[in-house]
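Residue numbers 1 to 269, in the UniProt record's numbering, belong to the letters of the sequence shown in order. All C-beta atoms, glycine included, are put in the ideal place defined by N, C-alpha and C. Structure record follows, encoded as C-alpha cells.
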Amino acid sequence: MNRAPQPSPAVPERRLRLLSCNILAGASVQRYSEYVTRSLNAVLPGRSKLDNLDRLAEVLPQFDVIGLQEADAGSLRSGFLNQTRYLAEAAGMPFWSHQPNRAMARLAHSANGLISRLEPTSVLDYPLPSRIPGRGALLARFGAEKDALAVMIAHLSLSAPARAKQLGLIAEVLQDYPNAVLMGDLNTELRSAEMRHLFAKSPLVPPAQATLTFPSWKPRRALDHILTSEAIQLDKVWALPQAFSDHLPLAAEIRLPGHLAPRPHRLRR
1 MNRAPQPSPA VPERRLRLLS CNILAGASVQ RYSEYVTRSL NAVLPGRSKL DNLDRLAEVL
61 PQFDVIGLQE ADAGSLRSGF LNQTRYLAEA AGMPFWSHQP NRAMARLAHS ANGLISRLEP
121 TSVLDYPLPS RIPGRGALLA RFGAEKDALA VMIAHLSLSA PARAKQLGLI AEVLQDYPNA
181 VLMGDLNTEL RSAEMRHLFA KSPLVPPAQA TLTFPSWKPR RALDHILTSE AIQLDKVWAL
241 PQAFSDHLPL AAEIRLPGHL APRPHRLRR
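Right, here's the structure in full:
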C-alpha cells in the first residue's frame with residue numbers, strides 16, 4: 001500500500017494579533033450620566049454583566065494575546081466570578097493569568113488579566129508606585145530569556161505625577177527586553193511628558209498615530225495604547241467598533257523578527 005505524501009511542516013506564524021480592553025468589570029456605560037445613574041449596578045452582580053462578557057468572549061478568538069484591565073478577580077459585583085478565567089473559558093482560549101490589584105473589602109476586586117493562545121514561559125507581577133496602593137503591571141514572557149517576547153499589561157493612575165513614576169518603573173523593567181510590547185489603559189495621551197520619558201528610557205517607540213478609544217460612545221481621547229519596541233513591526237492598530245465598557249477595545253497586528261516565532265497552541269478536539 002502506498003503512503004500518501006505528508007505535507008511539509010508549517011512554518012511558525014510570525015504575525016500575532018493583540019487586543020487590549022478595559023472591561024469595567026463587565027459593566028456597560030453609554031453616556032457620562034450613567035456613571036451616576038447606574039452606580040449601584042456597578043457594585044452589584046447582574047445578568048447584564050454576564051451578557052456583556054459573553055459578547056466580548058465571541059470576539060476574543062480572533063486574537064492571540066489579550067490584555068484586560070479592570071477585570072474583577074472575584075467579588076460581590078461580579079457574583080464572585082473570576083472574569084479573566086470566565087472569558088478565557090467562554091472563548092475557548094487555552095491560557096490565562098491575572099494580577100489582582102485593588103480590593104475594596106468584598107465589594108470589588110480589580111485585576112489585570114492575560115488571555116493567550118500561546119503558552120507563556122513565565123508570568124511576573126510588578127506592583128506600581130501609587131499614593132493609594134493597588135496599581136500593578138503584569139509581564140508575560142514567551143520564549144527564552146534574551147530572545148523572549150515580553151508583553152506587559154498595565155492600568156495606570158489618573159494623576160500625571162503617579163503615571164510618571166509608574167511609567168518610569170515600566171521603562172526600567174522593559175530595558176532588559178529588546179522584543180517588548182506594552183498595552184493597556186495608560187490614562188494619558190501619546191504626547192504627554194510621562195510618555196515621552198517612557199520612549200526615551202525604554203526600547204518602546206511611539207506609533208505613527210494615536211487611536212481614539214475613550215469614551216466608547218463618542219471617542220475623543222487616545223488613552224489606551226499598544227506600544228512595541230523597534231525590533232517588532234507594528235503593522236496595524238485599530239479600535240473595535242463594539243463597546244463593551246466605557247473604553248473601546250484596542251487591537252493591533254504585529255510582525256515578529258524571524259527568530260521569534262511563538263507557535264499558537266492548537267486545542268485538541
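- Bounds of the beta strand (DSSP E) holding Ile153 are Leu149 to His155.
- The residues Gly67, Leu68, Gln69, Ala71, His98, Gln99, Asn101, Gly136, Ala137, Leu138, Ile153, Ala154, His155 and Gly184, in chain order, have a CB closer than 8 Å to that of Asn112 in the same chain once the five nearest residues on each side in sequence are set aside.
- With contacts defined as CB atoms closer than 7 Å, Pro129 and Lys165 qualify as a contacting pair.
- Here Lys49 is buried: its Cβ has 16 or more other Cβ atoms, across all protein chains shown, within 10 Å.
- In the three-state scheme derived from DSSP, where H, G and I count as helix and E and B as strand, Ser48 is classed as helix.
- Annotated as distal: Ala57 and Ala27, with beta-carbon spacing of 7 Å or more.
- Spanning the alpha carbons of Thr84 and Thr121 requires a straight line of approximately 19 Å.
- The criterion of a C-beta distance shorter than 7 Å is not satisfied by Pro219 and Leu227.
- Checking the DSSP bridge columns, you'll see Asp224 partnered with Asp185.
- For Tyr86, the enclosing alpha helix (DSSP H) stretches over residues Gln83 to Ala91.
- If you check the CB distance, Ile254 and Asn179 do not come in under 7 Å.
- Taking C-beta atoms under 8 Å as the contact rule, Lys236 and Ala252 qualify, at a distance of about 7 Å.
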